[in-house]
Amino acid sequence: MKTLIAFGTRYGATADTADLIATGLREEGIETDVVNLKRQDVDDLSVYDMVVIGSGIKASRWTKEPDQFLKDHKEELQSKITALFVSSGSWPFTTGDGEMGAEQEGGLYSKLGVNKEEAYQQYVVDKANEHGLNPDSIEVFGGFWDFDAMGFLWRLLLRGLRKDLEAQGVDTDKPYDNRDLDRIREWAEELASLLKS
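Start counting the sequence shown at 40; every next residue gets the next number (the working numbering).
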């Protein structure tokens, strides 16, 4: 049994998440290759039983390389066990039953008006549908907020978020990791079970 994890990342959260998933799969005895699609192409999927595709999310969009990978390998992926995941720094701030950070009246989150169901639909379900895929598993994880790595416009747009995080005691001079690492490990176990069944 062999798995490919192919991903695109902006600030490193998706790369690190891909590595955590790979570690979990390897612990289950599954040979796993991890490929950053910005650095390396994958032409032959025939050696893989399962393909996991991951992307970072910025401005509600996938990175271009994994999106192109889905387009280029659409036919091959139909005959494989497939899984999609995204890393989104805003994911932990969304709510299941209302607007993002709605409790912060007039704040950045309430202005964005994002809820978990809509984000999940847009980030992974719609992306799968766009490429005619029916993945066996899909997941959304948090990401990194690295304000110093962002361009000027993004830093300007997100200065309210930065202030909110600082008010909560977060040192925003360092990358802020808001992923649920336990959930990432659990998902790796679920993928291993899926492949072994």
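For each residue, glycine too, the CB sits at the ideal point set by N, CA and C.
Predicted model, so just to flag it, every value in this text is computed and none were measured.
Practice task
Note the first and the last residue of the continuous alpha helix (DSSP H) segment covering E67.
Solution key: Annotation for E67: no alpha helix (DSSP H) segment contains it, and DSSP assigns it neither H nor E.
Exercise for the section: Rounded to whole angstroms, what's the CA-CA distance from L76 to P214? Just pull it up for me. Expected result: If you take the alpha carbons of L76 and P214, they lie about 23 angstroms apart.
Exercise for the section: Spatial neighbours of A57 within its chain, please: CB distance less than 6 angstroms, with the 5 preceding and 5 following residues excluded, ordered by chain position. Expected result: Contacts found: I44, F46, V73, G93.
Practice task
Please report how far the alpha carbon of P131 lies from the alpha carbon of T42, in whole angstroms.
Solution key: The pLDDT assigned to P131 is 49, lower than 50, so where the model puts this residue is not dependable, and the model offers no usable value.
Handout entry: For L84, three-class secondary structure by DSSP
Key = Residue state, collapsed to three classes: coil.
Problem - Enclosing alpha helix (DSSP H) for S94 [first to last residue] - result: First-last for S94: 89–97, but that is the beta strand (DSSP E), not the alpha helix (DSSP H).
Problem - Pairwise C-alpha distance: N217 and L84 - result: Between the C-alpha atoms of L84 and N217 there is a straight-line separation of about 32 angstroms.
Handout entry: Euclidean distance between Cα positions of E156 and D88
Key = Answer to the nearest angstrom: the Cα atoms are 30 angstroms apart.
Problem - Same chain, Cβ closer than 7 angstroms to S99, neighbours up to 5 away in sequence not counted - result: Within the same chain, Q161 come within 7 angstroms of S99 by CB-CB distance, once the 5 residues on both sides are set aside.
Problem - Cβ shell of F124 (< 6 angstroms), same chain only, five flanking positions each side left out - result: Taken in chain order, the residues that qualify are G93, E178.
Exercise for the section: Go ahead and pull the three-state DSSP assignment for D221. Expected result: Looking at D221 - three-state DSSP - the assignment turns out to be helix.
Practice task
Please confirm whether G63 and R224 have their CB atoms less than 8 angstroms apart.
Solution key: Remark: C-beta atoms of G63 and R224 approach each other more closely than 8 angstroms.
Exercise for the section: Would you kindly report the start and end of the unbroken beta strand (DSSP E) that includes L43? Expected result: Counting along the chain, the beta strand (DSSP E) containing L43 begins and ends at 41–47.
Handout entry: Separation of A231 from H112, as counted between CA atoms
Key = Taking the straight line joining both Cα atoms gives about 22 angstroms.
Problem - Reduced DSSP category for D106 - H, G, I as helix; E, B as strand; rest coil - result: Of the three classes helix, strand and coil, the one that applies to D106 here is helix, per DSSP.
Practice task
Assuming T71 and S126 form a contact by the criterion Cβ under 8 angstroms, report the distance between their Cβ atoms to the nearest whole angstrom.
Solution key: Not confirmed; about 18 angstroms, so no contact.
Handout entry: First through last residue of the alpha helix (DSSP H) which encompasses A122
Key = First-last for A122: 120–126, but that is the beta strand (DSSP E), not the alpha helix (DSSP H).
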